[in-house]
Amino acid sequence: MPSEQDIVDVAIVGAGPVGLWLARELSVGGVNVRVLERDTERSPYIRAFGLQARSLEILDMRGLLDRVAGERSRKLPVANVAGLLPWLQLAGLDTTHPYGLSVRQNVVEEVIEQALGELGVTVERGNAVVGLATQPDRVRVKLENGESVSARYVVGCDGAHSAVRKLAGIDFPGSSTTATYILADVTLDEPPSWMGQLGIRHFPAPDGSRLGWFMGGIVPDTGRHRIMVCDRESSRVTKEEPVSFEELREVLLRLTDTDCGAHSPTWLSRVGNPARVAARYRTGRVLLAGDAAHVHSPFGGQGLNTGLQDATNLGWKLAAVVRGDADEEFLETYHDERHPIGEAVIANTLAQTTMVFDFTPGGQHLRDLFSRLLEFPQVNQYLAGQITALDYAYPAPSGADAHPLVGSRVPNLALNLTGNGMSRLFDHLKDAAHVLLTRTDDPTQPAAAPGAVHIVHGWPAEDRDGWEDLQSVLIRPDGHVAAVR
Numbered sequence: 001m002p003s004e005q006d007i008v009d010v011a012i013v014g015a016g017p018v019g020l021w022l023a024r025e026l027s028v029g030g031v032n033v034r035v036l037e038r039d040t041e042r043s044p045y046i047r048a049f050g051l052q053a054r055s056l057e058i059l060d061m062r063g064l065l066d067r068v069a070g071e072r073s074r075k076l077p078v079a080n081v082a083g084l085l086p087w088l089q090l091a092g093l094d095t096t097h098p099y100g101l102s103v104r105q106n107v108v109e110e111v112i113e114q115a116l117g118e119l120g121v122t123v124e125r126g127n128a129v130v131g132l133a134t135q136p137d138r139v140r141v142k143l144e145n146g147e148s149v150s151a152r153y154v155v156g157c158d159g160a161h162s163a164v165r166k167l168a169g170i171d172f173p174g175s176s177t178t179a180t181y182i183l184a185d186v187t188l189d190e191p192p193s194w195m196g197q198l199g200i201r202h203f204p205a206p207d208g209s210r211l212g213w214f215m216g217g218i219v220p221d222t223g224r225h226r227i228m229v230c231d232r233e234s235s236r237v238t239k240e241e242p243v244s245f246e247e248l249r250e251v252l253l254r255l256t257d258t259d260c261g262a263h264s265p266t267w268l269s270r271v272g273n274p275a276r277v278a279a280r281y282r283t284g285r286v287l288l289a290g291d292a293a294h295v296h297s298p299f300g301g302q303g304l305n306t307g308l309q310d311a312t313n314l315g316w317k318l319a320a321v322v323r324g325d326a327d328e329e330f331l332e333t334y335h336d337e338r339h340p341i342g343e344a345v346i347a348n349t350l351a352q353t354t355m356v357f358d359f360t361p362g363g364q365h366l367r368d369l370f371s372r373l374l375e376f377p378q379v380n381q382y383l384a385g386q387i388t389a390l391d392y393a394y395p396a397p398s399g400a401d402a403h404p405l406v407g408s409r410v411p412n413l414a415l416n417l418t419g420n421g422m423s424r425l426f427d428h429l430k431d432a433a434h435v436l437l438t439r440t441d442d443p444t445q446p447a448a449a450p451g452a453v454h455i456v457h458g459w460p461a462e463d464r465d466g467w468e469d470l471q472s473v474l475i476r477p478d479g480h481v482a483a484v485r
């Protein structure tokens, strides 16, 4: 007979990296969670293998970066936009992590799930969600096995085809796939000399257009390569058409006159260029994060990273509401802050794929123009700031005459402590509480901080623009400025 469990604070649907990270953020904030996952085991496929600088900062804030950045990862000092050369240079970015981390998604999931288990939370696998019923004080989640779970809030972290989004009736406007490329995890006995750890090559056609492109690199801790290939012919194949190993070899031969000794594929997939963002990230007691809220081309490696950043923004806010430190309308700030970021990511991935899939002479001229622009340091740094998400800031509260720093991201500052040596900012953000940096002995906690505030009598060791005349800066649990004085 169907049974209904005791009400839980938050039910998270989906145990990918976004759902797992949100579960940990909420658990650290004292919230009771259940994580419901449709699949019975973690996917064997490597859906992503790259963390950008902002995501590395987030992991560092919570003390988990060292677990991820181990022997199974590799640092990359560059990033890429639209398959263009030169590379985006990360060394000059305002962060203690001016690099990308090449690491398999399943490694990230393992680390977060282990950390979640240390807080007493386990993933409930084999629990597909088939129904939602919203009540004044809860949401009833119906499972495929006939059971149900009642939760004060439900968060859909269940991917591009989100059951939660569909059941909640949230629109998902945008565009569907119009072109595709082939992605494969294979062993290359004769990888191209230009590839190295990570490389890209474009192949010209006799008429001045492009024949196609080939991008690839070594997947850490596997001995295999991940390659992405595309030419005019293969780009027209619909996403629903399965990829065969023979098709992959044919594209490689058309581009390079060799199959690079490819063999033993462990994954073959056709990747498209959809561009959709949910109309609302919240409707009542139902919220969305990650691919459930936005889908786009993987170019720029922003999908996994944007989802982790969604969860970090939502986690402390939802925890504050559940604890009673903030009213329910506070959750609207999640949509207000993250929806524009989702739209920005959609915009830059659409721009990238327009260049990626245009094989005409005009498309090649456009690529040549942007490649020359990337040689200008200001342009290179601007695009690096977007791809890494380091330059994204949140708007000040509506109607507020706020200081320009409010909403901006704060890196892992070195702090001079009053009479007590030095520390780093992220050392004070481990438990996802607000941090008040102050030059004075005034312990006043600003009203902008729902919940606990750690008061740190210290100030940045190096001068920072905009901080010169301030006496205190309140930093949110997600590392953005909440208020200044």
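So the sequence shown is numbered by the numbering used here: it starts at 1 and just counts up by one. Glycine residues also receive a C-beta, built at the ideal position from the N, C-alpha and C atoms. Given the structure is predicted, the values throughout are model-derived calculations rather than measurements.
* Leaving aside the five residues before and after V345 along the sequence, list all residues of the same chain whose C-beta is less than 7 Å from its C-beta, in chain order. => H294, H296, Q302 and T306
* Asked: In three-state DSSP terms, what is K430?
  -> coil
* Please report the residue range of the alpha helix (DSSP H) in which F245 lies. => Taken as a continuous stretch (DSSP letters only), the alpha helix (DSSP H) holding F245 covers F245 to T256.
* **6 Å Cβ shell around Y181 - same chain, five flanking residues per side excluded** => M228, C230 and V271
* Asked: Quick one: what's got a C-beta closer than 6 Å to D9's C-beta in the same chain, skipping five residues either side?
  -> Excluding residues within five positions, the ones whose Cβ falls inside 6 Å are V31, N32, R152 and V322.
* If I'm right that Y45 touches W267 with Cβ under 8 Å, what's the distance once you round it to whole angstroms? => At roughly 5 Å, the Cβ-Cβ gap stays under 8 Å, so Y45 and W267 are in contact.
* When DSSP labels each residue in this structure, what does A496 get in the three-state scheme? -> Any question about residue 496 goes unanswered here, given that the chain covers just 1 to 485.
* Asked: Where does W289 sit, in a helix, a strand or coil, going by DSSP?
  -> A small fix is needed here, since residue 289 is Ala in this sequence, not Trp. Note: A289 maps to coil in three-state DSSP.
* **Per-residue DSSP class, three states only, for R270** => Collapsing the DSSP output to three states places R270 in a strand.
* **P17 burial status per 10 Å Cβ neighbour count (16 or more: buried)** => buried
* May I ask you to verify whether the stretch 338-352 touches the stretch 57-65, counting CB pairs closer than 8 Å and requiring at least 3? => no
* Asked: Excluding five sequence neighbours on each side, which residues of the same chain lie with their C-beta closer than 6 Å to the C-beta of R224?
  -> Sequence-distant partners of R224 (beyond 5 residues in either direction) whose C-beta falls short of 6 Å from its own C-beta, in its chain, are D185 and T187.
* Secondary structure at P204, three-state DSSP: helix, strand or coil? -> strand
* Take the Cβ of L369 as the centre, count every other Cβ of all protein chains shown within 10 Å, and call the residue buried at 16 or more, exposed below. => Classification of L369: exposed, given that the 10 Å Cβ count is below 16.
* To do: Determine the extent of the alpha helix (DSSP H) in which Q114 is found, giving its start and end residues.
  => Q105 to G117
* With distances taken Cα to Cα, identify the nearest neighbour of V251 among E328, G117 and R236. => R236
* Can you check DSSP and say which residues form a bridge with C157? => According to DSSP, which records beta bridges pairwise, C157 is partnered with nothing at all.
* On a CA-only basis, which of F172, L308, D207 and T178 is nearest A279? Give me that one, please. => F172
* Which value, in whole angstroms, describes the spacing of the CA atoms of W459 and I341? -> 30 Å
* Secondary structure at R138, three-state DSSP: helix, strand or coil? -> strand
* Start-to-end residues for the alpha helix (DSSP H) that takes in E25 -> P17 to V28
* When you compare each of S209, G120, V13 and E57 to S27 by their alpha carbons, which one comes out closest? -> Out of S209, G120, V13 and E57, the CA that lies nearest to the CA of S27 is found in G120.
* Asked: Given a threshold of 16 other Cβ atoms within 10 Å of its Cβ, counted over all protein chains shown, does L331 qualify as buried or as exposed?
  -> L331 should be labelled buried.
* Could you please give me the residues that DSSP links to H454 through a beta bridge? => V435
* Cβ of P361 within 8 Å of Cβ of S209? -> Yes.
* Measuring CA to CA, which of G451, F49, Y382 and D158 is closest to G19? -> If we check each option's Cα against that of G19, D158 comes out closest.
* Could you tell me the distance, in whole angstroms, from the CA atom of T40 to the CA atom of E25? => 24 Å
* With a Cβ-Cβ cutoff of 8 Å, do G212 and R226 count as a contact? -> No, Cβ-Cβ distance for G212 and R226 is not below 8 Å.
* Should N313 go down as buried or exposed, given a rule of 16 or more other Cβ atoms within 10 Å for buried? -> N313 counts as buried, since no fewer than 16 other beta carbons sit within 10 angstroms of its beta carbon.
* To do: Answer yes or no: do H489 and T438 have a C-beta to C-beta separation smaller than 8 Å?
  => This structure does not reach residue 489, given that the chain is present from 1 up to 485, and the question cannot be answered.
* Span of the alpha helix (DSSP H), counted from its first residue to its last, around L383 -> P377 to I387
* How should V130 be labelled, buried or exposed, when 16 other C-beta atoms within 10 angstroms of its C-beta is the threshold for buried? -> exposed
* How would you write the range of the beta strand (DSSP E) that L474 sits in, first residue to last? -> S472 to I475
* Asked: Are the beta-carbon atoms belonging to A133 and E144 less than 8 Å from one another?
  -> no
* Asked: If you drop the 5 nearest sequence neighbours on each side, which residues of the same chain put their C-beta closer than 6 Å to that of L470?
  -> V484
* Asked: Which residue spans inside the stretch 285-335 form an unbroken beta strand (DSSP E) run of at least 3?
  -> Counting whole runs of 3 or more residues, the stretch 285-335 contains the beta strand (DSSP E) stretches 286-288.
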